[in-house]
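Here the structure is laid out as structure tokens; the discussion comes afterwards.
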Amino acid sequence: MIQTATLILKNNKSVLTLFLLCIISVTINIVPARNNSYVFNEHACLASGLIYLRFGDYDHFHVNPPLVAMVGAFPAFIGQTNCPLLADLGISQFSRKESLAGDVWLKKNPDHLRWVIYGRYCMLFFILIGTISCYVYSYYFFGYISAIMAALFWIFSPYILGHGGLICPDVPCCQAAPSRL
Numbered sequence: 006m007i008q009t010a011t012l013i014l015k016n017n018k019s020v021l022t023l024f025l026l027c028i029i030s031v032t033i034n035i036v037p038a039r040n041n042s043y044v045f046n047e048h049a050c051l052a053s054g055l056i057y058l059r060f061g062d063y064d065h066f067h068v069n070p071p072l073v074a075m076v077g078a079f080p081a082f083i084g085q086t087n088c089p090l091l092a093d094l095g096i097s098q099f100s101r102k103e104s105l106a107g108d109v110w111l112k113k114n115p116d117h118l119r120w121v122i123y124g125r126y127c128m129l130f131f132i133l134i135g136t137i138s139c140y141v142y143s144y145y146f147f148g149y150i151s152a153i154m155a156a157l158f159w160i161f162s163p164y165i166l167g168h169g170g171l172i173c174p175d176v177p178c179c180q181a182a183p184s185r186l
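Numbering of the sequence shown is given in the working numbering, commencing with residue 6 and proceeding in unit increments.
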């Protein structure tokens with residue numbers, strides 16, 4: 006696989022193509038990330054990520070990997086937003102209080118939409134990883150043209166277009182399959 010990456014980097018046409026595909030993927034997903042309203046548990050993921058970063062406690066939302074929530078909550082963490090306190094949530098072992106944490110976070114931060122948008126911009130990084138992964142793996146197995154097609158299928162997938170810029174683990178977790186090849 007390292008040989009493939011080296012081969013891609015030596016070929017100027019491949020590097021330019023991959024760069025353009027990355028630009029397309031970010032451009033297509035940045036407008037919905039800014040304009041879409043909240044989804045079902047997006048505020049819960051952001052509040053959970055904020056609790057992970059601020060307190061180091063991973064118990065209250067233990068059904069999803071914490072990295073995605075922490076990436077989405079990083080701008081809110083840097084911006085020193087008001088974080089839900091663990092005592093306010095009444096967390097006990099094996100309980101799921103992420104929705105309550107999200108509701109508390111919304112009430113404590115009147116400018117919450119701004120932090121959600123910034124968090125969504127951070128999530129575009131995972132779309133770039135998916136674009137690069139599709140391109141590199143397809144280039145390795147099938148060549149240049151199939152690499153372009155695989156990356157375009159990733160970029161224009163309705164699932165990626167709909168969920169790519171959201172603070173939820175759907176798109177980042179779908180990238181685990183290519184790493185097993």
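Positions of the beta carbon are idealized from the N, C-alpha and C atoms, including for glycine. The structure presented is a predicted model; accordingly, all values stated were derived computationally and were not measured.
Neighbour flag for residue i against chain B, beta carbons, 7 Å
| i | result |
| --- | --- |
| C50 | Protein chains in the displayed structure number just one, and chain B is not present. |
Three-state class that DSSP yields for residue i in the structure shown
| i | result |
| --- | --- |
| Y144 | helix |
| G169 | coil |
| C179 | coil |
| D62 | coil |
| N17 | helix |
| G84 | coil |
| S42 | coil |
| L4 | The requested residue 4 is not part of the displayed model; the chain covers only 6 to 186. |
| N69 | coil |
| D116 | coil |
| P174 | coil |
| S269 | With the chain covering only 6 through 186, there is no way to say anything about residue 269. |
| S184 | Residue confidence for S184 is low, a pLDDT of 48 falling below 50, so the modelled location carries little weight; the figure read from the coordinates is stated next. In this structure, S184 counts as helix in the three-state DSSP scheme. |
Residue closest to residue i, alpha-carbon to alpha-carbon, out of the options
| i | options | result |
| --- | --- | --- |
| L55 | A152, W120 and L171 | W120 |
| Y164 | S151, C178, M154 and I153 | C178 |
| C27 | H48, G170 and L157 | L157 |
| V68 | Y144, Y142, S53 and V109 | S53 |
| N46 | F130, Y145 and L111 | L111 |
| P174 | T86, A152, G61 and C50 | C50 |
| C139 | P89, L129, I160 and F130 | I160 |
| P115 | V141, F131, I132 and T86 | T86 |
| L105 | I134, L118 and F66 | F66 |
Residue i, buried or exposed, once every other Cβ within 10 Å from all chains shown has been counted against 16
| i | result |
| --- | --- |
| P71 | buried |
| S42 | exposed |
| N17 | exposed |
| F24 | exposed |
| V176 | buried |
| P183 | With a pLDDT of only 49 at P183, under the threshold of 50, the placement of this residue in the model should not be trusted, and no figure is reported. |
| N34 | buried |
*With a cut-off of 8 Å, do at least 3 Cβ pairs link the region 70-86 to the region 112-131?*
yes
*Please confirm if the region 48-63 is in contact with the region 155-170, defined as three or more CB-CB distances below 8 Å between the two stretches.*
no
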